[in-house]
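Participant: Sending over a structure as structure tokens; questions will come in a sec.
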């Protein structure tokens with residue numbers, strides 16, 4: 001969709017709560033829903049998938065995660081009819097799509113951080129260079145993560161094995177999802193698992209991102225809380241409205257709850273966590289290898305893409 005948040009109108013009586021002041025001293029308020037409102041995500045998702053727009057039998061072949069809409073079917077002839085029905089429903093409710101970001105008749109596609117194909121889910125190719133181009137370890141923490149690989153060729157082989165990782169799994173059955181996180185001085189890492197009937201963890205998704213300079217100065221407890229907030233937000237479409245397990249440093253979340261009144265930021269984080277249904281299980285550092293490695297060698301791509309989208313987006317309606 002084209003700027004999905006800005007296709008939701010704000011009630012005239014509520015616009016005053018979105019007011020802001022410009023450097024020139026002028027006070028403006030939004031006529032459409034801006035980013036950053038606490039319930040903005042749920043407000044966008046509710047009419048799109050549950051209330052009015054993509055409802056009824058359309059949900060049998062269509063799914064929307066926020067403003068990313070996908071139509072799918074294993075019957076090509078019937079599938080050709082579906083995009084028109086989806087677009088008609090969007091038009092009926094005054095919503096529009098961005099043609100430059102729309103794809104039709106694809107058997108494989110990048111969607112929600114995965115490369116989705118008939119063979120399964122795989123990591124997106126544009127995420128792999130961050131691993132392939134990783135520098136050799138320069139400190140004890142990085143060297144420990146690579147488990148003492150001492151020879152240059154062995155180090156290259158290790159990077160190649162990560163770059164050629166097999167397919168990712170899709171959530172199955174009633175087994176709870178497991179979110180595992182880790183933070184270090186310059187990055188954040190997260191892995192989403194689901195255990196099979198034999199207790200083997202199958203990787204559904206994984207990600208990393210580099211910390212901004214201001215975030216690098218956070219206390220270690222703040223960084224451990226920040227990675228949880230970031231990971232839950234990133235995997236919202238998997239975690240919302242269901243119980244899941246969080247593997248992380250449980251002491252950091254306890255510290256967050258006890259310190260929620262010390263800073264406005266900490267209070268917002270603590271309030272954010274109350275919107276999720278999860279159980280915290282302490283994860284010792286020695287069993288946190290994959291998220292730890294991702295956080296030690298984060299990718300800049302996610303933050304760069306986010307900044308680019310924000311810079312290219314047109315201004316919403318304000319008054």
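Numbering (full-length UniProt numbering), first residue to last: 1 to 319. Every residue, glycine too, gets a C-beta built ideally from N, C-alpha and C.
Rank 174, 70, 122 and 98 by C-alpha distance to the C-alpha of residue 105 and give the top, closest one.
Facilitator: The count along the chain shown starts at 1 and reaches residue 105 at position 105. It is 70 whose Cα lies nearest to the Cα of residue 105.
Participant: Closest to residue 119 by CA distance: which of 6, 237, 85 and 168 is it?
Facilitator: For this step, residue 119 is matched to residue 119 along the chain shown. Checking every option, the nearest Cα to that of residue 119 belongs to 168.
Participant: Give me whichever residues DSSP pairs with residue 114 in a beta bridge.
Facilitator: The residue labelled residue 114 in the question sits at position 114 within the chain shown. Answer is 111 and 123.
Participant: For residue 221, does the three-state DSSP call read helix, strand or coil?
Facilitator: Translated into the one-based positions of the chain shown, residue 221 becomes position 221. Residue 221 falls in the helix class under three-state DSSP.
Participant: Could you please give the first and the last residue of the uninterrupted beta strand (DSSP E) stretch that includes residue 213?
Facilitator: Walking along the chain shown from the start, residue 213 turns up at place 213. Careful: residue 213 lies outside any beta strand (DSSP E), inside the alpha helix (DSSP H) at 213–216.
Participant: Out of 183, 9, 173 and 52, which one is the CA nearest neighbour of residue 218?
Facilitator: Here the question's residue 218 lines up with position 218 in the chain shown. Out of 183, 9, 173 and 52, 183 has the C-alpha closest to the C-alpha of residue 218.
Participant: I need the straight-line Cα distance from residue 151 to residue 139, nearest angstrom please.
Facilitator: If you number the chain shown from 1, residue 151 lands on position 151. If you number the chain shown from 1, residue 139 lands on position 139. The predicted position of residue 151 is uncertain, since its pLDDT is 45 and thus under 50; no value can be drawn from it.
Participant: Measure the C-alpha to C-alpha separation of residue 293 and residue 244 and round it to an integer number of angstroms.
Facilitator: Here residue 293 corresponds to residue number 293 of the chain shown, with the count starting at 1. Here residue 244 corresponds to residue number 244 of the chain shown, with the count starting at 1. Approximately 23 Å between the Cα atoms of the pair.
Participant: Are the beta-carbon atoms belonging to residue 8 and residue 33 less than 9 Å from one another?
Facilitator: By one-based count along the chain shown, residue 8 stands at place 8. By one-based count along the chain shown, residue 33 stands at place 33. It is a contact, given that the beta carbons lie within the stated cut-off.
Participant: Give me the Cα-Cα distance between residue 116 and residue 202, rounded to the nearest whole angstrom.
Facilitator: In the chain shown, the residue the question calls residue 116 occupies position 116. In the chain shown, the residue the question calls residue 202 occupies position 202. Using only the alpha carbons, I get a separation of about 17 Å.
Participant: Buried or exposed: residue 309, going by 16 or more other Cβ atoms within 10 Å of its Cβ?
Facilitator: In the chain shown, the residue the question calls residue 309 occupies position 309. Model confidence at residue 309 stands at a pLDDT of 40, short of 50, so the residue's coordinates are unreliable; what they give is reported in the following sentence. Exposed, since its Cβ has fewer than 16 Cβ neighbours within 10 Å.
Participant: Identify every residue that forms a DSSP beta bridge with residue 243.
Facilitator: Position 243 of the chain shown, counting from 1, holds the residue named residue 243. In DSSP, residue 243 forms a bridge with 277.
Participant: Using the Cβ count rule (16 or more neighbours within 10 Å means buried), how would you classify residue 298?
Facilitator: Working through the chain shown from its first residue, we reach residue 298 at position 298. Residue 298 comes out buried.
Participant: In terms of residues, what are the limits of the beta strand (DSSP E) holding residue 189?
Facilitator: Against the chain shown, residue 189 aligns to sequence position 189. 187–195 is the extent of the beta strand (DSSP E) around residue 189.
Participant: Suppose you measure from the CA of residue 210 to the CA of residue 63; what does that come to, to the nearest Å?
Facilitator: The count along the chain shown starts at 1 and reaches residue 210 at position 210. The count along the chain shown starts at 1 and reaches residue 63 at position 63. If you take the alpha carbons of residue 210 and residue 63, they lie about 30 Å apart.
Participant: Straight-line CA distance for residue 16 to residue 289?
Facilitator: As a first step, residue 16 is located in the chain shown; it is residue number 16 there, counting from the start. As a first step, residue 289 is located in the chain shown; it is residue number 289 there, counting from the start. If I take the Cα positions, the gap works out to 48 Å.
Participant: Would residue 180 pass as a contact of residue 246 if the rule is Cβ separation under 9 Å?
Facilitator: As a first step, residue 180 must be located in the chain shown, where it is residue number 180. As a first step, residue 246 must be located in the chain shown, where it is residue number 246. Against a cut-off of 9 Å, the Cβ pair of residue 246 and residue 180 comes out as a contact.
Participant: In angstroms, rounded to a whole number, what distance separates the CA positions of residue 22 and residue 28?
Facilitator: Reading the chain shown from its first residue, position 22 is the one you call residue 22. Reading the chain shown from its first residue, position 28 is the one you call residue 28. So the alpha carbons of these two residues sit roughly 8 Å apart.
Participant: Should residue 178 be labelled buried (16 or more other beta-carbon atoms within 10 Å of its own) or exposed?
Facilitator: Reading the chain shown from its first residue, position 178 is the one you call residue 178. Buried, by the Cβ-count rule.
Participant: With C-beta atoms as the reference, is residue 237 less than 9 Å away from residue 112?
Facilitator: On the chain shown, position 237 is the one that residue 237 refers to. On the chain shown, position 112 is the one that residue 112 refers to. Cβ distance < 9 Å, so residue 237 and residue 112 count as in contact.
Participant: Excluding the 5 residues flanking residue 79 on each side, which residues of the same chain have their C-beta closer than 6 Å to its C-beta?
Facilitator: Along the chain shown, one-based indexing puts residue 79 at 79. Within the same chain, residue 79 has close Cβ partners 73.
Participant: So, helix, strand or coil for residue 67, using DSSP?
Facilitator: Start at 1 with the first residue of the chain shown, and residue 67 comes out as number 67. Residue 67: coil per DSSP, three-state reduction.
Participant: Tell me where the beta strand (DSSP E) around residue 208 begins and ends.
Facilitator: One-based indexing of the chain shown puts residue 208 at position 208. Looking at the DSSP string, the run of the beta strand (DSSP E) that includes residue 208 is 201–210.
Participant: Taking the alpha-carbon of residue 214 as reference, which of 185, 240, 89 and 193 has the nearest alpha-carbon?
Facilitator: Along the chain shown, read from residue 1 onward, the residue named residue 214 stands at position 214. Answer by Cα proximity: 185.
Participant: Round the Cβ separation of residue 226 and residue 208 to the nearest angstrom and send it over; I've been treating them as touching at under 8 Å.
Facilitator: Counted from its first residue, the chain shown places residue 226 at position 226. Counted from its first residue, the chain shown places residue 208 at position 208. No, residue 226 and residue 208 are not in contact; Cβ-Cβ is about 13 Å, not under 8 Å.
Participant: On the DSSP letters alone, give me the boundaries of the alpha helix (DSSP H) that residue 179 sits inside.
Facilitator: Your numbering for residue 179 matches position 179 in the chain shown. Counting along the chain, residue 179 falls outside any alpha helix (DSSP H), though it belongs to the beta strand (DSSP E) covering 177–183.
Participant: Just to confirm before moving on: does the CB-CB distance between residue 194 and residue 204 stay below 9 Å?
Facilitator: In the chain shown, residue 194 corresponds to position 194, counting from 1. In the chain shown, residue 204 corresponds to position 204, counting from 1. The answer is yes: Cβ separation under 9 Å.
Participant: Would you kindly report the start and end of the unbroken alpha helix (DSSP H) that includes residue 90?
Facilitator: Taking the chain shown and counting its residues from 1, one reaches residue 90 at position 90. Segment 82–92, the alpha helix (DSSP H) holding residue 90.
Participant: DSSP three-state label for residue 28, please.
Facilitator: Taking the first residue of the chain shown as 1, we reach residue 28 at position 28. Looking at residue 28 - three-state DSSP - the assignment turns out to be strand.
Participant: Going by beta carbon distance, what residues of the same chain come within less than 6 Å of residue 221, once the five residues before and after it are set aside?
Facilitator: Your numbering for residue 221 matches position 221 in the chain shown. Once the five neighbours on either side are set aside, the close Cβ partners of residue 221 are 252 and 255.
Participant: Whose C-beta lies closer than 8 Å to the C-beta of residue 52 among residues of the same chain, with five residues either side of it excluded?
Facilitator: Sequence index remark: in the chain shown, residue 52 carries index 52 (1-based). Around residue 52: 93.
Participant: Taking residue 85 and residue 121 to be in contact with their CB atoms under 8 Å, please state how far apart those CB atoms are, rounded to whole angstroms.
Facilitator: Here residue 85 refers to the residue found at position 85 when the chain shown is read from its first residue. Here residue 121 refers to the residue found at position 121 when the chain shown is read from its first residue. Not a contact, Cβ separation roughly 26 Å.
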